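Heads up: the structure comes next, in structure tokens.
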Amino acid sequence: LSQLPGWSMRADGSLVVAMGNDDVLGVYTCTPYNSYGTAGESRPTRVLLKDPPTFTVRPKEEYFQEVGRELVIPCAAHGDPPPTITWLKVGSVGKSSAQVDGNSSLVLRPLTKEQHGHWECRASSQVASVSATTLVHVLGTSPHAVTNVSVLPLLLAANISWEPGFDGGYFQRFSVWYTPLVKHPPRAHHDWVSLSVPVGAQHLLVENLQPDLSYQFSVLAQNKLGSGPFSQIVTSVPRGFPVPTVPAEPPAVTLRILLSPPQALTANETLRGVLLRWQPPAQLSVALSGYALELRQDKGGWEVLDSSIPSTKTQVLVPGLIKDAFYEFRLVAFAGSYISDPSNTVNVSTAGMEVYPSRTQLPELLPQPVLAGVIGGICFLSVAVIFSTMAACIMNRRRAARIQKRRQGRSCCPGA
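Numbering (the UniProt record's numbering), first residue to last: 1 to 416.
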């Protein structure tokens with residue numbers, strides 16, 4: 001096949017010849033096979049060249065004729081074998097009332113309104129089929145129905161548009177008919193309202209409709225001979241006034257703050273106390289404000305030992321632990337109002353160790369400002385008591401001296 005231009009074989013084994021000529025004439029057989037061999041070739045088939053149908057007389061593009069008269073439309077074709085000529089009205093359902101004479105011409109006698117439209121002449125044979133169409137205009141009739149009716153719902157209104165049908169050979173005008181659809185109409189048949197369409201227009205705006213109520217619309221064409229059929233009925237619902245709605249609040253955007261705990265907290269015992277060291281948080285999305293140190297003694301509750309460690313420090317000395325006690329320390333970082341999770345916990349035991357200098361029991365002692373106030377109050381009271389005692393002694397001495405003077409004066413003047 002590769003040596004024959006235009007010849008090919010499909011996947012299903014069919015032979016395809018792009019251009020039929022004298023080279024394809026002959027007898028052909030088909031032999032199927034696979035890896036196991038073949039069961040033999042097919043029965044022979046003969047290829048013959050035949051001429052497809054060709055029109056010798058084609059109908060004109062369109063014909064005009066008065067209703068009731070006769071219209072003959074010619075159509076002829078030849079081929080090998082000779083083709084068969086048939087006529088069909090385009091879009092018709094079932095058999096048409098067409099008659100064909102001996103020359104394969106279409107004979108419309110008498111011509112009726114229903115025969116208006118496109119007609120097709122088809123020439124068919126065993127080789128191929130060809131067709132030609134023509135348009136028949138039947139004059140002197142009422143208008144034909146409009147087509148492609150559409151309704152655009154508007155605010156308390158509707159815009160109806162359409163495409164005109166054949167006018168029957170006379171000037172035609174249009175009217176729009178509409179009616180509301182009521183679930184329980186007061187009468188068996190609801191009334192239709194008609195509106196005239198301006199001359200030359202192919203659309204009409206129907207106003208003053210009820211919102212959210214279904215309406216039916218149809219278009220009617222008329223000329224001097226009468227009215228044509230109504231168009232198809234289209235149902236639509238006009239729009240009402242929009243109901244004001246409060247726009248929904250946008251979803252709250254949660255700003256996620258990344259603040260991981262301090263890292264690698266360790267404790268080393270020194271002569272001055274316990275030295276705690278750590279690494280800053282690995283993840284933080286805001287500026288670090290500082291650290292807070294927490295401790296607990298003998299598995300008790302956690303207490304804040306120091307809440308104002310600067311963010312630049314990575315170590316702190318804890319003095320004043322008591323002897324023979326078990327301490328746990330942990331550290332938290334904070335950035336503004338955000339506090340991280342606690343760091344790892346380090347344990348410190350003072351069993352068998354000397355008492356650290358400074359304070360002896362940090363958690364149990366009063367805070368330094370309170371303790372200073374208590375001591376100051378005691379000192380003030382002591383000074384006040386001393387001054388009161390001294391003043392009382394001085395007053396008693398002066399009173400005794402006055403009494404002594406009075407007694408001495410009485411003894412010096414006995415006759416007075």
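Note that the Cβ used here is the ideal one computed from N, Cα and C, for glycine as well.
None of these values were measured; they are calculated from a predicted model.
Backbone secondary structure at residue i - three-state DSSP
i	result
E61	coil
K89	strand
D306	strand
G300	coil
L108	strand
T133	strand
A287	coil
E207	coil
M9	strand
F55	strand
L25	coil
N103	coil
I339	strand
Q404	helix
C75	coil
Residue i to residue j span [Cα, whole Å]
i	j	result
F380	Y338	44 Å
S92	W177	28 Å
V16	G6	8 Å
Q232	P143	15 Å
A282	Y291	14 Å
Q315	I309	9 Å
Y327	R296	6 Å
P363	T270	With a pLDDT of 41 at P363, under the threshold of 50, the predicted position of this residue should be treated as unreliable, though the coordinate-derived value follows. C-alpha separation (whole angstroms): 20 Å.
F329	P319	13 Å
L111	S196	32 Å
L48	V24	8 Å
A123	Q115	21 Å
E294	R272	19 Å
L317	G377	31 Å
I322	S349	10 Å
A372	S307	20 Å
residue 438	G79	In the structure displayed, the chain extends from 1 to 416; residue 438 sits before or after that span and is not available.
V146	Q216	16 Å
Y36	G13	18 Å
Residue environment, residue i, which counts as buried when at least 16 other CB atoms sit within 10 Å
i	result
C393	exposed
C75	buried
S194	exposed
S340	buried
G336	exposed
C30	exposed
S343	buried
G20	exposed
S236	buried
G259	Here the sequence assigns Leu to residue 259, which means Gly is not the residue at that position. Classification of L259: buried, given that the 10 Å Cβ count is 16 or more.
V27	exposed
Q361	Because the pLDDT at Q361 is just 41, under 50, the model does not fix this residue reliably, and the value given afterwards should be weighed accordingly. Exposed, by the Cβ-count rule.
V286	exposed
G228	buried
L152	exposed
K89	buried
V274	buried
W162	buried
W119	buried
P242	exposed
Heavy atom of the ligand MN within 7 Å of residue i beta-carbon
i	result
D191	This structure does not include the ligand MN; it has no bound ligands of any sort.
Same chain only: Cβ atoms within 8 Å of residue i, ignoring 5 sequence neighbours per side
i	result
N223	S142, P143, D167, G168, Y170, F171, Q172 and R173
V100	I85, T86, W87, L106 and V107
T266	L276, R277, W278 and V346
K313	Y291
T38	T31 and P32
6 Å Cβ shell around residue i - same chain, five flanking residues per side excluded
i	result
F230	S218 and L220
S42	T29 and C30
7 Å Cβ shell around residue i - same chain, five flanking residues per side excluded
i	result
P261	P281, V332, A333, S340, D341, P342 and S343
State whether the segment 123 to 136 contacts the segment 53 to 65, with contact taken as three or more CB pairs (one from each stretch) at a distance under 8 Å.
-> yes
Decide if the segment 192 to 212 is in contact with the segment 155 to 164; the criterion is three or more beta carbon pairs, one per stretch, under 8 Å apart.
-> Yes, the segment 192 to 212 touches the segment 155 to 164.
Determine, using beta-carbon pairs with one atom in the segment 377 to 391 and one in the segment 294 to 301, whether at least three such pairs fall under 8 Å.
-> no
Contact between the segment 132 to 142 and the segment 62 to 73 (3+ Cβ pairs under 8 Å) = yes
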